[in-house]
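Q:
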Amino acid sequence: MIDYKLLKENNINPKSFKKVKSAIIVNDEYVLKENTGNRVFSYLDARNFNYYPSNKVLSDKYVLYEYLKDYDISNDERAIELINLVSLLHSKTTRYNNISIDDYKKIYEDIDNRIDKLYSYYSDLNDLIEQEIYMSPSYYLLARNISKIYSSLNYCKNELDSWYDLVKDSKKERVALLHNNLSLEHLIRNESSYLISWDKSSFNNPIYDLYDFYKNNYEKIEFSSLLEIYQKRYPLKENELKLFFILISIPDKIEFTNNEFDNCKRVDKMLDYLYKTDNIVSPYYPKNKEEE
Numbered sequence: 001m002i003d004y005k006l007l008k009e010n011n012i013n014p015k016s017f018k019k020v021k022s023a024i025i026v027n028d029e030y031v032l033k034e035n036t037g038n039r040v041f042s043y044l045d046a047r048n049f050n051y052y053p054s055n056k057v058l059s060d061k062y063v064l065y066e067y068l069k070d071y072d073i074s075n076d077e078r079a080i081e082l083i084n085l086v087s088l089l090h091s092k093t094t095r096y097n098n099i100s101i102d103d104y105k106k107i108y109e110d111i112d113n114r115i116d117k118l119y120s121y122y123s124d125l126n127d128l129i130e131q132e133i134y135m136s137p138s139y140y141l142l143a144r145n146i147s148k149i150y151s152s153l154n155y156c157k158n159e160l161d162s163w164y165d166l167v168k169d170s171k172k173e174r175v176a177l178l179h180n181n182l183s184l185e186h187l188i189r190n191e192s193s194y195l196i197s198w199d200k201s202s203f204n205n206p207i208y209d210l211y212d213f214y215k216n217n218y219e220k221i222e223f224s225s226l227l228e229i230y231q232k233r234y235p236l237k238e239n240e241l242k243l244f245f246i247l248i249s250i251p252d253k254i255e256f257t258n259n260e261f262d263n264c265k266r267v268d269k270m271l272d273y274l275y276k277t278d279n280i281v282s283p284y285y286p287k288n289k290e291e292e
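Take 1 as the starting number for the sequence shown in our numbering and just add one per residue.
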């Protein structure tokens with residue numbers, strides 16, 4: 001519910017409103033959002049990173065942002081602007097935190113368990129498909145490409161062990177302020193470029209911003225060139241790049257429905273994701289070592 005009194009106390013005469021997800025656009029001049037108590041903007045100012053809309057805390061409940069018109073640019077242009085901003089953000093906010101072997105073990109075990117569960121899921125599913133007298137189109141598509149899923153899982157398993165060997169003796173971890181909600185729609189291109197929707201920001205390994213961006217937008221962007229741009233401005237360490245490639249290479253679990261057309265689309269989408277991801281990873285770490 002809009003607090004008209006609060007707006008008028010801040011010299012805003014509310015004439016029009018438009019709800020867009022969790023935000024309310026007022027008079028096409030301001031954006032009203034819930035105050036999450038996130039103090040990220042004062043930190044960004046201290047780090048000389050000001051690529052976000054100006055804002056003002058109105059109360060414990062609301063924050064008022066400047067409304068910026070978004071210019072119509074291509075997805076490719078928008079993605080380049082975003083990756084440049086993210087690399088700058090990570091560069092300006094980098095610090096090194098203490099980390100223990102137990103922390104790395106936890107990461108290793110979580111990913112390893114995820115891989116094992118997916119391998120069991122697809123193995124059981126493949127056994128079920130092979131028992132079918134007449135395969136559905138989605139099952140046939142999956143059966144014809146099941147080796148790609150196993151290949152990705154095996155790659156992740158092997159690289160996870162390699163990653164752990166790299167980090168097990170480390171005492172420090174590089175972290176940066178992450179936007180934690182990266183997608184093309186969260187970049188506004190005006191006179192300059194701005195990132196919006198900082199509500200989930202936090203400090204962590206910089207690869208998790210790249211992971212979110214890729215998972216949210218892989219169908220719309222050509223990520224290999226974006227990764228090259230990022231690497232030139234903020235080079236990832238060997239263990240960071242390896243962990244990033246592991247995470248993006250893990251296939252999703254396909255949830256089948258009663259709609260066969262929808263099932264076919266889900267299988268096709270997941271396979272398309274794996275092949276696109278393989279094209280990103282292969283130049284760095286060829287999965288088939290015998291081909292090197």
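Where a beta carbon is used, it is the ideal one built from N, C-alpha and C, also for glycine.
Over what stretch of residues does the beta strand (DSSP E) that includes Ser192 continue unbroken?
A: Where Ser192 is concerned, there is no enclosing beta strand (DSSP E), given that its DSSP letter is neither H nor E.
Q: Identify the continuous beta strand (DSSP E) that holds Asn97 and give its terminal residues.
A: Taken as a continuous stretch (DSSP letters only), the beta strand (DSSP E) holding Asn97 covers 95 to 98.
Q: So Tyr30 packs on Leu177, CB below 8 Å; how close in whole Å?
A: Actually they are not in contact, since the Cβ atoms of Tyr30 and Leu177 sit about 25 Å apart, beyond 8 Å.
Q: Just mark Glu133 as buried or exposed, buried being the case when its beta carbon has 16 or more other beta carbons within 10 Å.
A: According to the sequence provided, residue 133 is Ile. The question's Glu does not apply to it. The residue in question, Ile133, is exposed, as its Cβ has fewer than 16 Cβ neighbours within 10 Å.
Q: To the nearest angstrom, how far is it from the Cα of Ile12 to the Cα of Tyr65?
A: Approximately 12 Å between the Cα atoms of the pair.
Q: What is the DSSP secondary structure of Ile149, counted as helix, strand or coil?
A: DSSP places Ile149 in helix when its eight states are reduced to three.
Q: Would Phe244 and Leu274 qualify as a contact pair, given that the criterion is a beta-carbon distance under 8 Å?
A: No, Cβ-Cβ distance for Phe244 and Leu274 is not below 8 Å.
Q: Among Tyr71, Ile80, Ser91, Ala46, which has the Cα closest to the Cα of Arg174?
A: Among Tyr71, Ile80, Ser91, Ala46, the Cα nearest to that of Arg174 belongs to Ser91.
Q: Does the separation of the CB atoms of Val57 and Ser201 fall below 8 Å?
A: Not closer than 8 Å, so no.
Q: Return the first residue and the last residue of the beta strand (DSSP E) that Glu173 is part of.
A: 172 to 178 is the extent of the beta strand (DSSP E) around Glu173.
Q: Per DSSP, Ala23 is paired with what?
A: Note: Ala23 sits in a beta bridge opposite Val20.
Q: Taking only the alpha-carbon atoms, compute the straight-line gap between Asn216 and Leu182 and give it to the nearest angstrom.
A: The alpha-carbon atoms of Asn216 and Leu182 are separated by roughly 8 Å.
Q: Pro251 and Ser152 look like a contact to me (Cβ under 8 Å); what is the Cβ gap, rounded to whole Å?
A: That belief holds up - the Cβ atoms of Pro251 and Ser152 are roughly 5 Å apart, short of 8 Å.
Q: Roughly how many angstroms separate the alpha carbons of Lys33 and Asn55, rounded to a whole number?
A: Whole-angstrom Cα-Cα distance: 10 Å.
Q: Exposed or buried, Tyr71, counting other C-beta atoms within 10 Å across all chains shown (16 or more means buried)?
A: The residue is exposed, with fewer than 16 neighbouring Cβ atoms inside 10 Å.
Q: Using DSSP bridges, identify the partner residues of Asn204.
A: For Asn204, which the question treats as bridged, DSSP gives the partners Ala176.
Q: Measuring only the C-alpha atoms, how far is Val86 from Tyr67?
A: Rounded to the nearest angstrom, the two C-alpha atoms are 21 Å apart.
Q: Give me, in chain order, the residues of the same chain whose beta-carbon lies closer than 6 Å to that of Val63; leave out the 5 immediate sequence neighbours on both sides.
A: Contacts found: Lys33, Asn35, Asn55, Val57.
Q: Alpha carbon to alpha carbon, how far is Leu241 from Ile207?
A: Leu241 and Ile207: Cα-Cα distance of roughly 8 Å.
Q: Answer with buried or exposed for Tyr155, where buried requires no fewer than 16 other C-beta atoms within 10 angstroms of its C-beta.
A: Buried.
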